[in-house]
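Read left to right, the sequence shown gives residues -23 to -1, 1 to 174 (mature numbering (1 follows the signal peptide of the UniProt record, and there is no 0)).
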Amino acid sequence: MMKHARISIVAAMLAMVPFGANALTVSGTSAFDGGYATTITYDDGIVRSSANGRDNPYNALGAADGNFFEIGRNSSVDLTFGTLFDTSVTVFEITFGNVASYAESVLLSVGYQGTFTDIGSITNLFAQGGGTVALSSALGLFDTVRLTDTSTQGGGFDIDAVLVSPVTPVPLPAGLVLLGGGLAALGVFGRRKRAEA
């Protein structure tokens, strides 16, 4: 009876393990790289060609350099940048000048802490040499770009680089100076009231 209970517990524990989830995260060399992607999370279980190094996820990180990562048909990748962004996303795609023979596309989404907003679809024709999409339809700050392959042919969208426009920090006024100025003003007004009385 005890042996049966142990087997049942082990079986229940195994049933809770998510099989088939092959998400891997790869990080580049720095926390911030001029607005270019520094980490990529992708499904390692998707079949990709190895020609031209297109199965190397590091090729999607950093500045556009002619090396690329194939997302894989109907798969998606999440890219982060070591900073928040709110203005635009530029996607660089590689098709070796043969866009007509390989019509590829992705759904571009932006997210913050796991909640995503779809921005729209872009094609490899648009993204040759870098296609920029304004984020005017999505208000807020974002930390992730998600590219979901929607291609109907080929191996999927090929990412050379993704670039965002980081949020420009607004300097806050020096709190101590403001506090001192406020206390001085209160002192002046207090003296005037006493002098009038």
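Cβ coordinates follow ideal geometry from the N, Cα and C atoms, glycine included. Quick caveat: nothing in here was measured; it's all calculated off a predicted structure.
Residue from TYR35, PHE166, PHE103, SER26 with nearest C-alpha to THR18:
TYR35
Under the assumption that THR16 contacts LEU56 (Cβ atoms under 8 Å), give the Cβ distance between them as a whole number of angstroms.
7 Å
Contact check, ASP63 vs LEU112 under 8 Å by CB: the rounded distance?
6 Å
For the segment 37 to 46 against the segment 88 to 98, are there 3 or more C-beta pairs whose distance is under 8 Å?
Taking 8 Å as the limit for Cβ pairs, the verdict is that the segment 88 to 98 does not touch the segment 37 to 46.
Ordered along the chain, which non-local residues of its own chain (more than five positions away) have a Cβ less than 6 Å from that of LEU163?
none
If we count the other Cβ atoms within 10 Å of its Cβ and call it buried at 16 or more, is THR72 buried or exposed?
buried
Quick one: what does DSSP say TYR13 is sitting in, helix, strand or coil?
strand
In three-state DSSP terms, what is residue 180?
Residue 180 is absent from the structure shown; the chain starts at -23 and stops at 174.
Segment contact, 8 Å Cβ cut-off, at least three pairs: the segment 113 to 122 with the segment 80 to 87
yes
Counting only runs of 3+ residues fully inside the segment 84 to 154, write out the beta strand (DSSP E) ranges in chain order.
Fully enclosed beta strand (DSSP E) runs of 3 or longer: 92 to 100, 108 to 111, 119 to 126, 135 to 143.
Looking at the C-beta of PRO34, does it have a partner C-beta in chain D at a distance below 8 Å?
In the structure shown, chain D cannot be found, because there is only a single protein chain.
Supposed close pair LEU74, GLY132 - CB separation, criterion 8 Å:
According to the sequence displayed, residue 74 carries Gly and not Leu. That pair is no contact at about 17 Å.
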